[in-house]
Amino acid sequence: MKAQSKHKHKRKSAIIFILCVVAIFSLAFIGFKGFKIAGYEFKSFDKVITKGLDLQGGVSVLMEIKDEDVKKEDLEKTRQLLALRVNKLGVSETTVTTEGQKRIRVDIPGAFDSSDIVKNLTKSGKLEFKDSEGSVVLEGKDVSKATAILDNQTNKPVISLELNDDGKGKFAEATGNNIGKKITIFMDEDEISSPVVETKIADGKAIISGSENLKEAQNTASLINSGALPVALESVSVKNVGAQLGAEALPNALKAGAVGIALIFMFMIAYYRVPGLIASIALVAYVTLVLLIFVEVGATLTLPGIAGFLLTIGMAVDANVLIFERTKEELSKGISIKSAIKKGFENAASSIIDSNVTTIIAALVLYFVGTGAVKGFAATLMIGVFVSMFTALVITKKLINLSVEMGFLKNISQFRVKGGSKDA
């Protein structure tokens, strides 16, 4: 009866182990290759992870505030408005960060027309409606929404404005008092439209004409929606990164990563044998989990980020090396494999946590003090460290214990320790 129960326990452990391994490799295959089923496509990591400027090219603009004394809240507000403005230009995957006390960097992957981008970023976005006498009758703050559309009658691009409650009252009064006269619309003191008022407009809707094309109308609408900047800006640095550099850099980085990971697997299996094989399976889970987290949090992957990611793979291996060496020390004392593994993990845990915590502290400093690519390196390093601790102390431990329970790991020679088998 006892033997039958033991056999069932071994079979159950074997089934769980096989399911875990299949799940890990299936998830890895889907992540790296992708596949389609029933008309739905599971995209590979390469297609869904956001790539930085150095991997796909683009424009990096460093803006500086002209004012001498800049409040921290004005700097942050300007950053938020610039991010809103760039995104409303139809550009995605942008990164807008502050640098120092007066500078803001805007990185726009995949965009290469730097002149238009700088022009739209430096505009203050101040919208004013003036009557024939030059008095301001309406401002940008009175507009709740601006949309670029094609006029149904003329088929020309126009900007449709929807006014808020305050704006409705002001515009109704202004149009009522200026029938037959012009109300001129200015953007940053540049005249963009000067229509003649034909009737009083009380519904809070207005049209701005005069845009040469739909793109220009969209740009103007985005400026109106983002509002006026609280400070004056100028561009101090504009860098264009060609797509060719990224096209060459990414494959080379991936090849280097693949070779490095393969060498790690070979070393672990050659030196630690069966535990090394199990650790390699756990490392596959680690790589897959980290890339999944990159996708979920919307992390932007850069070349320094890839370097940080590969560095954490080495740290994940270090954790396994510590665990296995501590286990070998316990086995050399003559205790059972199961007890040695338990003590090995317990003894190594404090060292793993301590070393990783110091790395996390360093990464936090780099993230909050550094700028641009340094932040990307720090972010990927932190994510990788947290996941490496999880895979070493949870996934590797579970797979090792299942291997012992199913009888796959039952001889101390499988740990490169001399001697016979040691039962639990």
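Per full-length UniProt numbering, the very first residue in the sequence shown carries number 1; after that it's consecutive. Think of the CB as a built atom: it goes at the ideal place given N, C-alpha and C, for glycine as much as any other residue.
Should residue i be labelled buried (16 or more other beta-carbon atoms within 10 Å of its own) or exposed?
i: isoleucine 278; result: buried
i: glycine 90; result: Any answer about glycine 90 is weak, because its pLDDT of 45 lies below 50 and its placement is not dependable; what the coordinates show is given next. Exposed, since its Cβ has fewer than 16 Cβ neighbours within 10 Å.
i: tyrosine 40; result: exposed
i: leucine 138; result: buried
i: alanine 282; result: buried
i: serine 421; result: Low per-residue confidence applies at serine 421: pLDDT is 48, beneath 50, and the placement is therefore not dependable, though the value from the model is reported in the following sentence. Counting Cβ neighbours within 10 Å, serine 421 comes out exposed, since fewer than 16 surround it.
i: asparagine 120; result: buried
i: phenylalanine 294; result: buried
i: glycine 140; result: buried
i: leucine 263; result: exposed
i: asparagine 155; result: exposed
i: glutamate 330; result: buried
i: leucine 150; result: exposed
i: aspartate 54; result: buried
i: glycine 344; result: buried
i: glycine 376; result: buried
For residue i, which residues does DSSP report across the bridge?
i: isoleucine 37; result: Tyr40
i: glutamate 234; result: Glu64
i: asparagine 240; result: Val59
i: threonine 391; result: DSSP lists no partner for threonine 391.
i: valine 96; result: Val106
i: lysine 51; result: Leu301
i: glutamate 162; result: Lys145, Lys205
i: asparagine 177; result: In the DSSP output, where bridge partners are listed per residue, asparagine 177 has none listed.
Inspect the beta-carbon positions of residue i and residue j and report whether they are closer than 8 Å.
i: isoleucine 207; j: valine 284; result: no
i: aspartate 107; j: glycine 58; result: yes
i: tyrosine 367; j: alanine 378; result: yes
i: isoleucine 117; j: arginine 79; result: no
i: phenylalanine 17; j: methionine 266; result: no
i: isoleucine 49; j: leucine 291; result: yes
i: leucine 301; j: lysine 51; result: yes
i: serine 235; j: valine 61; result: yes
i: threonine 175; j: isoleucine 192; result: no
i: serine 13; j: leucine 402; result: yes
i: asparagine 164; j: aspartate 142; result: yes
i: valine 297; j: lysine 338; result: no
Task: Segment contact, 8 Å Cβ cut-off, at least three pairs: the region 95-102 with the region 266-284 - done: no
TODO: Would you check if the region 354-364 and the region 374-386 touch, i.e. whether three or more CB-CB distances between them fall below 8 Å?
DONE: Contact check between the region 374-386 and the region 354-364: three or more CB pairs, one atom from each, fall below 8 Å, which counts as touching.
Task: Stretch pair the region 383-401 + the region 319-332: three plus CB contacts closer than 8 Å - done: yes
Task: Segment contact flag, the region 304-312 with the region 410-417, C-beta cutoff 8 Å, min 3 pairs - done: no
Open item on the list: Within 8 Å, do at least three Cβ pairs link the region 208-227 to the region 145-153?
Closed with: yes
Task: Three CB pairs or more closer than 8 Å across the region 160-171 and the region 212-219 - done: no
TODO: Evaluate contact between the region 73-85 and the region 230-237, counting only Cβ atoms and requiring at least three cross-stretch pairs below 8 Å.
DONE: yes
Task: the region 178-192 contacting the region 122-135, beta-carbon criterion three pairs below 8 Å - done: yes
- [ ] Entirely within the region 118-160 and at least 4 residues each: give me those alpha helix (DSSP H) ranges in chain order.
- [x] none
TODO: Entirely within the region 182-227 and at least 3 residues each: give me those beta strand (DSSP E) ranges in chain order.
DONE: Qualifying beta strand (DSSP E) stretches, in chain order: 184-187, 190-193, 205-208.
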